[in-house]
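Undergrad:
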Amino acid sequence: MSLLRSWVESANDPGTDFPLNNLPYGVFDDGRGARMGVAIGDLVLDVGRVAHGLDPALFAEPSWNAVMAAGPSVWAALRAQLTELLSDEAHRAAVGPHLVPMKGLRLLLPFRVVEYTDFYAGKNHAVNVGTMFRGAENALPPNWLSIPIGYNGRASSVVVSGTPVRRPWGQVKGPEEALPRFAPSARFDLELEMGAIVGQPSEGMISVAEADEMIFGYVLLNDWSARDIQAWEYQPLGPFQAKATATTISPWIVTRAALEPFRVSTPERERPLLPYLREPGPMLYDIGLEVALASEGKAETVIARTNYREMYYSAAQQLAHHTSSGCSMRVGDLLGSGTISGPSKDARGSLLELSWGGKEPLTLATGEERRFLEDGDTLVLRGAATGKGYRVGFGDCAGQILPAQPLPDWAKE
Ligand code: CA
2 MSLLRSWVES ANDPGTDFPL NNLPYGVFDD GRGARMGVAI GDLVLDVGRV AHGLDPALFA
62 EPSWNAVMAA GPSVWAALRA QLTELLSDEA HRAAVGPHLV PMKGLRLLLP FRVVEYTDFY
122 AGKNHAVNVG TMFRGAENAL PPNWLSIPIG YNGRASSVVV SGTPVRRPWG QVKGPEEALP
182 RFAPSARFDL ELEMGAIVGQ PSEGMISVAE ADEMIFGYVL LNDWSARDIQ AWEYQPLGPF
242 QAKATATTIS PWIVTRAALE PFRVSTPERE RPLLPYLREP GPMLYDIGLE VALASEGKAE
302 TVIARTNYRE MYYSAAQQLA HHTSSGCSMR VGDLLGSGTI SGPSKDARGS LLELSWGGKE
362 PLTLATGEER RFLEDGDTLV LRGAATGKGY RVGFGDCAGQ ILPAQPLPDW AKE
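So the number in the working numbering is just where the residue sits in the sequence shown, counting from 1, plus 1.
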């Protein structure tokens, strides 16, 4: 596949995240109210104003949930229509007035997040974390090579890129084994993940092939994690408050259709999977990912580079597993992939791994050191699939750390 040319000049720039090949879906506000938009080059198309022959109710609410609910035939029709409108010069006069510059726009959550589940499906991450906590011998729990492990998160924690993230308070282990303290997290961290967005509902058990068809698109996802809170609370039911502060997603839904040319297979299985988890074809994507960190007022340092294809389980496998008990999935369900770490030291998707539990601090390009996140730090995730002369990008997934709120009197000793 090569670059599809648009009459929007900036969309033909090989460096843009948003060529005609991409057409990602977002929600924007230019001061005249929130509307559904499609990114093209450095512009955003007010899609409700130009779409034709489709139910206007699809564009009535500033979120993509109605389009998702309308199903795959509507997804394909809309994409074909947008491709036609933005490639054929004949539509320029009619469409041009509904394009607005992306710069200066407020980007909002692109869809109503109805439910949120986070997985733990990156093998390098699981091995690294397991090695730190249980030793190299028992790094992977015995179930790991058979089950895409996950926990039910909070849809209310999901925020769009640019939203500041306040350092959480929480119970952390005290100096004595059984007595905790209540304190601001001192080991606040990021997790580099991809989010898969469920675009069709399910009832009962579904196959991996059906699960893949239900996925509408993908976003970048940062599962902010308080490691000290997590270490004290996680047994026996898994993470709870450590992961509930915020989950940041990128503002553009990159559709499964746009990612189709970049499909790759999951890695070879070390243990055969049960039949319900076997994939009928390639279900991962070749998406280059990076994490950049900047302290307040300073230039950023890229602290990790990795790729979505490092996952051991695909989103389709995770979704199929999620329904295996009969759990219903809804339009607007969000699935976090789990932290995506590559095999090398500079490819680790969390500070926990990059600083090896705080023992080996990172040195930033500015000379500053980091074990975990400091107040004022801005974290940016970026990602793109690269084709011949073009890239299908996600836009920035960013958040700045604010200091913990003052402790209310009733919570003091
Ligand atoms: Ca996670």
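Glycine included, each C-beta is placed from N, C-alpha and C at the ideal position.
#1: Confirm the yes/no value for this check: CB of ASP119, any heavy atom of ligand 1, distance under 7 angstroms.
#2: Within the continuous beta strand (DSSP E) that includes ASP224, where are the two ends?
#3: Compute every distance between the C-beta of ASP190 and the non-hydrogen atoms of ligand 1, then say whether any falls below 7 angstroms.
#4: Helix, strand or coil for VAL209? Go by DSSP, reduced to three states.
#5: Is it right to say ILE196 is buried, meaning 16 or more other beta carbons lie within 10 angstroms of its own, or is it exposed?
#6: Please indicate yes or no: does the CB of GLU261 lie closer than 7 angstroms to some heavy atom of ligand 1?
#7: Compute the Euclidean distance between the alpha carbons of GLU90 and THR84, then round it to the nearest angstrom.
#8: Looking at the strands, I want to know which residues DSSP matches up with ASN308.
#9: Taking 8 angstroms as the CB-CB cut-off, is PHE217 touching chain C?
#10: Does the contact criterion of 3 or more C-beta pairs under 8 angstroms hold for the stretch 360-375 versus the stretch 275-290?
#11: Taking the alpha-carbon positions, what's the SER147 to LEU275 distance?
#12: For ligand 1, I want to know if GLY350 counts as a neighbour, meaning its beta carbon is within less than 7 angstroms of at least one of the ligand's heavy atoms.
#13: At 4 residues or longer, what runs of the alpha helix (DSSP H) sit wholly inside the stretch 226-258?
#14: Quick check on the DSSP output: what are the complete beta strand (DSSP E) runs of length 3 or more inside the stretch 130-156, in order along the chain?
#15: Do ALA399 and GLY200 have their C-beta atoms within less than 8 angstroms of each other?
#16: Is the stretch 217-227 close to the stretch 382-392, with three or more CB pairs under 8 angstroms?
#17: Is it buried or exposed for TRP411, if we count other Cβ within 10 angstroms and need 16 for buried?
#18: So the alpha helix (DSSP H) MET69 belongs to, where does it begin and stop?
#19: Taking GLN82 as the reference, which of ALA58, ASN66, VAL51, LYS104 has the closest Cα?
#20: Could you say which of TRP8, GLY394, SER186 lies nearest to HIS92 if we only look at CA atoms?
#21: Out of curiosity, what's the CA-to-CA distance linking LEU79 and LEU290?
#22: What ranges does the beta strand (DSSP E) occupy inside the stretch 32-103, keeping only unbroken runs of at least 3 residues that lie completely in it?
#23: Among the candidates ILE304, ILE254, GLY377, ALA348, whose CA atom is the shortest distance from the CA of TRP298?
#24: Can you tell me which of the three DSSP states LEU110 falls into?
#25: Hey, could you find the ends of the beta strand (DSSP E) LEU431 is sitting in?
#26: I need the straight-line Cα distance from ALA243 to SER88, nearest angstrom please.
#27: For GLY337, tell me which candidate among TYR235, VAL114, ALA61 has the shortest Cα-Cα distance.
#28: How is PHE189 classed by DSSP in three states: helix, strand or coil?
#29: Does the beta-carbon of ASP89, which I'm using as the reference point, lie nearer than 7 angstroms to any heavy atom of ligand 1?
#30: Between GLY25 and LEU4, is the Cβ-Cβ spacing less than 8 angstroms?
#31: Can you tell me whether THR324 is helix, strand or coil according to DSSP?
#32: What does the alpha-carbon distance come out to for the pair GLU177 and GLU234?
#33: In terms of residues, what are the limits of the alpha helix (DSSP H) holding GLU354?
#34: Is the stretch 263-272 touching the stretch 182-192, taking contact as three or more C-beta pairs under 8 angstroms?
#35: In whole angstroms, give me the CA-to-CA distance for ASP43 and GLY396.
TA: Concretely, from the data shown:
#1: To locate residue 119, count along the sequence shown from 1; it is residue 118. Under cutoff, so the answer is yes.
#2: What you label residue 224 is simply residue 223 of the sequence shown in a count that begins at 1. It spans 216-224 - the beta strand (DSSP E) in which ASP224 sits, taken as one unbroken run.
#3: Here residue 190 refers to the residue found at position 189 when the sequence shown is read from its first residue. For ligand 1, not one heavy atom lies less than 7 angstroms from the Cβ of ASP190.
#4: Sequence index remark: in the sequence shown, residue 209 carries index 208 (1-based). Helix at VAL209.
#5: Along the sequence shown, read from residue 1 onward, the residue named residue 196 stands at position 195. First, the residue type needs correcting, since residue 196 is Gly and not Ile in the sequence shown. Here GLY196 is buried: its Cβ has 16 or more other Cβ atoms, across all protein chains shown, within 10 Å.
#6: For the purposes of this step, residue 261 is taken as residue 260 along the sequence shown, with counting starting at 1. Not so, every heavy atom of ligand 1 lies at least 7 angstroms from the Cβ.
#7: Here the question's residue 90 lines up with position 89 in the sequence shown. Here the question's residue 84 lines up with position 83 in the sequence shown. Across the structure, GLU90 and THR84 are spaced so that their CA atoms are roughly 12 angstroms apart.
#8: Indexing the sequence shown from 1 puts residue 308 at position 307. Beta-bridge pairing links ASN308 to GLY289.
#9: The question asks about chain C, but that chain is absent: this structure has only one protein chain.
#10: Between the stretch 360-375 and the stretch 275-290 there are fewer than three C-beta pairs closer than 8 angstroms, too few to call the two in contact.
#11: Counted from its first residue, the sequence shown places residue 147 at position 146. Counted from its first residue, the sequence shown places residue 275 at position 274. Computed Cα separation, rounded: 7 angstroms.
#12: On the sequence shown, residue 350 is found 349 positions in, with the first residue counted as 1. No, ligand 1 has no heavy atom inside 7 angstroms of this Cβ.
#13: Runs of the alpha helix (DSSP H) inside the stretch 226-258: 228-234.
#14: Correct list: 151-153.
#15: In the sequence shown, residue 399 corresponds to position 398, counting from 1. In the sequence shown, residue 200 corresponds to position 199, counting from 1. No, the pair does not count as a contact, with Cβ atoms beyond the cut-off.
#16: These segments touch.
#17: The residue you call residue 411 lines up with position 410 of the sequence shown. Within 10 angstroms of the beta-carbon of TRP411 lie fewer than 16 other beta-carbons, which makes it exposed.
#18: Here the question's residue 69 lines up with position 68 in the sequence shown. In this chain, the alpha helix (DSSP H) harbouring MET69 covers 66-71.
#19: Position 81 of the sequence shown, counting from 1, holds the residue named residue 82. For the residues ALA58, ASN66, VAL51, LYS104, the minimum Cα distance to GLN82 belongs to VAL51.
#20: The sequence position of residue 92 within the sequence shown is 91, counting from 1. Among TRP8, GLY394, SER186, the Cα nearest to that of HIS92 is on TRP8.
#21: One-based indexing of the sequence shown puts residue 79 at position 78. One-based indexing of the sequence shown puts residue 290 at position 289. Rounded to whole angstroms, LEU79 to LEU290 spans 28 angstroms at the Cα level.
#22: List check, beta strand (DSSP E) in window: 35-41, 44-47, 100-102.
#23: Within the sequence shown, residue 298 is the residue found at index 297, counting from 1. As written in the sequence, residue 298 is Gly, which differs from the Trp given in the question. Answer by Cα proximity: GLY377.
#24: Translated into positions along the sequence shown, residue 110 becomes position 109. In this structure, DSSP gives LEU110 a state outside helix and strand, which the three-state scheme calls coil.
#25: Not covered by the structure: residue 431. The range shown for the chain is 2 to 414.
#26: The residue given as residue 243 occupies position 242 in the sequence shown. The residue given as residue 88 occupies position 87 in the sequence shown. Their Cα atoms are separated by approximately 47 angstroms.
#27: On the sequence shown, residue 337 is found 336 positions in, with the first residue counted as 1. Of the listed residues, the one whose Cα sits closest to GLY337 is VAL114.
#28: By 1-based counting over the sequence shown, the position of residue 189 is 188. Looking at PHE189 - three-state DSSP - the assignment turns out to be strand.
#29: The count along the sequence shown starts at 1 and reaches residue 89 at position 88. ASP89 Cβ: outside cutoff for every heavy atom of ligand 1.
#30: Numbered from 1 along the sequence shown, position 24 holds the residue referred to as residue 25. Numbered from 1 along the sequence shown, position 3 holds the residue referred to as residue 4. With the sequence shown as reference, residue 25 is identified as Pro, and Gly is not the correct amino acid for it. The beta carbons of PRO25 and LEU4 sit no closer together than 8 angstroms.
#31: Residue numbering aside, residue 324 sits at position 323 when the sequence shown is read from its first letter. Under the three-state reduction of DSSP, THR324 is assigned to helix.
#32: Here residue 177 corresponds to residue number 176 of the sequence shown, with the count starting at 1. Here residue 234 corresponds to residue number 233 of the sequence shown, with the count starting at 1. About 15 angstroms.
#33: Locating residue 354 in the sequence shown gives position 353, where the first residue counts as 1. For GLU354, the uninterrupted alpha helix (DSSP H) run begins and ends at 352-355, by DSSP.
#34: The answer is no - the stretch 182-192 does not touch the stretch 263-272, with fewer than three Cβ pairs under 8 angstroms.
#35: Along the sequence shown, one-based indexing puts residue 43 at 42. Along the sequence shown, one-based indexing puts residue 396 at 395. Between ASP43 and GLY396, the C-alpha separation is close to 11 angstroms.
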